[in-house]
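Visitor:
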Amino acid sequence: MADPDSSAVDLPQVLDKEIKCMSKQEKSLLGSVAAIKTLAGILRGCYGPYGRLKFLVTSQGKTVCTGYAATILGALELDHPAAQLLREAAQTQSENSGDGTTFVVLLAGALLEQAEAMVRAGLPHSRVREAYAVATNEALKILPTLVVCSIDSLEDPTWALRSAVYTHSLSHPEYLAKLVTQACHDSRDPDGSFNPERLAVCSVPGAGLDDSNLIPGLAVYGAPCGKITVIVGEAKVALYACPFGPVSPHTPAAAHLTCPEDLINYDKGEERMASMLVTQLAAKGINVVVVWGQINEICLLHADQHGIMVVQAKSKRQVVQLSHVMGITMLPLLMPPLVAGQCLKVYTKEMALGLAVVFEWDSLLAPAFTVILRGSTAEGLKGAEQAVHHAINAYAQLSQDPRLLPGAGATELALAKKLSELGSQLEGPNGPGILAFARALRSLPVILAENAGVQGADVLAQLQGYHQAGNTVMGVGDEGTINVTQEGVFDPFIVKTQGLRVAADVVLELVTVDDILIAKKSGEYIHPKNRDSQSDNLTQHPTSLNNN
């Protein structure tokens, strides 16, 4: 079935086609469109459960294989202000909702592309913004009418989390969904509320994904660095985001040594400093140190002598989570903390080919739980970890708002259908603007279909036929179309609503931008002609995608 809406270029008498030259505002919009389209093109292949992975080479030369939009966006160096603005908005969506990052970027790109067509056809920018604002408000009013079900507080939400898991891990989605459900249920507060910070994920290589389990307490992948491997009784914990040793031991400096005694004193000075630092920790009763940084061998030797367990965290995220759970501060320097974290026991847990350090409290009053993920490959573990985090965020969103929308592009098509009906009845610029908003929404199921390996245009035609007939729960599947309620593919209402609002807000802001101004660097004078050339350069070359 062909698209029933006419294209923006062919819109009738409401548009003035006699534009012979572009204004500064039009040039700015076209530059923004090019930048956003480039960014959307990068993430296009990552959208949906069949999204592809990308090799991301960091500035340190490390190669990461990922399909996680938030990771890719965070690594890109973007020069164009429009691309930077969209990245910030998408990252905000990821932080607040834990999902919908790619949705925001792709929808914003599609909306700007439609806005470009309307501006080229002669519709003023102010009218485009007004029409999109009306369309956004109407879409937010329509969304609640598309809700297909809600989760009761006593209902098992495994079936709702399965689609969240399936987006990132095609292996054992049912098992992971049940594991996350159990973890979220066990980590709820006594009043029934759910705090995602009480739930950690630890990936340990070895065994299979179906060997993953849930343990009380917090687990950190790795083994203690010294001889102390267990602390029983009252463990007092200090957290550091710095090397375990003297401050800046590798700072470039020249030591002026004139005799062998100077060399001996120099070595003894470093050892005295290490001894003093560790002795200060022991005097405060610290017997567990978690460090996100390098370990000084001399300090480690003194820590063993004072009975202090030293744990080197693999990522800052692990230390931050310990900080949240224990209610203590992560210190930037190796100094005694004002308040130490406390737990009942810290020990090393062996797991086939891997080790983990477990921080354990009373099992009845455990402030945190950890999902231990097992897997034979690093990439498989990474995908499973992203799937579990995605499902935990989905559970948190459902705890706030239990309503669910049909997934797999069904909501976008149902919303586009209703907006098209509304836009065709309106006169003036609001009608074409609403129709353009509907066309942008229809582009998302096409991307889902293409990533699944089927013809996007054919699937879109079939789905539009279903939706025109009133069957609004039909979406994109791996072989064409599926009934999303029968397959259990849903999207949390709050995530879709926030994502739609964020994408629309970015577009409404970019449509009204009329120029790009580049501030001079401190102490630098820029001639007005050079400023114009730099601004034009950003318009012509909208984005730089070198990763930082």
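To convert, count from 1 in the sequence shown and add 111; that's this note's numbering. Quick reminder that beta carbons are idealized off the backbone N, C-alpha and C, glycines included.
Ignore the nearest five residues each way along the sequence and tell me which others in T174's own chain have a CB closer than 8 Å to its CB.
Guide: F166, L167, V168
Visitor: Tell me the DSSP secondary structure of A330 in three-state form.
Guide: strand
Visitor: Give the secondary structure of T174 by DSSP, where H, G and I count as helix, E and B as strand, and everything else as coil.
Guide: strand
Visitor: At a cut of 8 Å, does the stretch 283–296 reach the stretch 580–592 through at least three beta carbon pairs?
Guide: no
Visitor: What does DSSP give as the partner residues of K456 in its beta bridges?
Guide: V343, E471
Visitor: On the three-state DSSP scale, how would you describe C295?
Guide: Look at C295 here: in three-state DSSP terms it is helix.
Visitor: Within the continuous beta strand (DSSP E) that includes N582, where are the two ends?
Guide: First-last for N582: undefined, no H or E at that position.
Visitor: With distances taken from CA atoms, which of K607, S261, G344 is nearest F470?
Guide: G344
Visitor: Can you list, in chain order, the residues of its chain whose CB lies under 6 Å from that of G452, leaving out five sequence neighbours each side?
Guide: V348, M437, I439
Visitor: Just to confirm, are L516 and L257 a CB contact at a threshold of 8 Å?
Guide: yes
Visitor: Quick one: give me the first and last residue of the beta strand (DSSP E) that P316 is part of.
Guide: Taken as a continuous stretch (DSSP letters only), the beta strand (DSSP E) holding P316 covers 310–316.
Visitor: Which residue comes first and which comes last in the alpha helix (DSSP H) that contains F548?
Guide: 541–562
Visitor: Quick check on this structure: which residue in A232, R612, G337, V624 has the alpha carbon closest to the alpha carbon of N207?
Guide: R612
Visitor: Can you list the alpha helix (DSSP H) stretches of 4 or more residues lying completely in the stretch 186–240, in chain order?
Guide: 192–208, 212–232
Visitor: Compute the Euclidean distance between the alpha carbons of W472 and L187, then round it to the nearest angstrom.
Guide: 41 Å
Visitor: Any idea what DSSP makes of N324, helix, strand or coil?
Guide: strand
Visitor: If we ignore side chains and look at the alpha-carbon of each, how far apart do P603 and T203 end up?
Guide: 17 Å
Visitor: Measure from the alpha carbon of Q432 to the alpha carbon of each residue in A479, G465, V457, then state which is nearest.
Guide: A479
Visitor: Report buried or exposed for I210, applying the criterion of at least 16 other Cβ atoms within 10 angstroms of its Cβ.
Guide: This sequence places Asp at residue 210; Ile is not what is there. That one is buried.
Visitor: Between E249, F305, A194, R240, which lies nearest to G220 when the distance is taken from Cα to Cα?
Guide: The shortest Cα separation from G220 among E249, F305, A194, R240 belongs to A194.
Visitor: According to DSSP, is D269 helix, strand or coil?
Guide: First, the residue type needs correcting, since residue 269 is Thr and not Asp in the sequence shown. In the structure shown, the three-state DSSP call for T269 is helix.
Visitor: Just verifying my parser: in three-state terms, what is the DSSP assignment at T522?
Guide: helix
Visitor: Applying the criterion that 16 or more other CB atoms from any shown protein chain within 10 Å of the CB defines a buried residue, is P301 buried or exposed?
Guide: exposed
Visitor: In three-state DSSP terms, what is N594?
Guide: strand
Visitor: May I ask you to report which of helix, strand or coil DSSP gives V144?
Guide: Correct three-state label for V144: helix.
Visitor: Any idea what DSSP makes of F604, helix, strand or coil?
Guide: Correct three-state label for F604: helix.
Visitor: Output the distance between the C-alpha atoms of H500 and T459, rounded to the nearest integer angstrom.
Guide: 24 Å
Visitor: What does V402 pair with, by DSSP beta-bridge criteria?
Guide: Beta-bridge annotation (DSSP): V402 is paired with Y351, Q423.
Visitor: Find the nearest neighbour of S143 within the set G159, Q171, Q225, judged by alpha-carbon distance.
Guide: Q225
Visitor: Taking the Cβ atom as the reference point for each residue, do A551 and L222 lie within a distance shorter than 8 Å?
Guide: yes
Visitor: Work out the CA separation of L445 and I409 for me, nearest whole Å.
Guide: 14 Å
Visitor: Taking the alpha carbon of R514 as the reference point, which residue from R155, V421, S261, L537 has its own alpha carbon closest?
Guide: Minimum Cα distance to R514 is reached at S261.
Visitor: Would you mind sorting H191 into buried or exposed? The rule is 16 or more other CB atoms within 10 Å of its CB.
Guide: buried
Visitor: K493 lies in the alpha helix (DSSP H); which residues open and close that run?
Guide: 489–511
Visitor: Between the C-alpha atoms of L154 and P160, what's the straight-line distance to the nearest angstrom?
Guide: C-alpha separation (whole angstroms): 13 Å.
Visitor: Residues in the same chain with beta-carbon distance under 7 Å from Q511, minus the five sequence neighbours each way, listed in chain order, please.
Guide: I605
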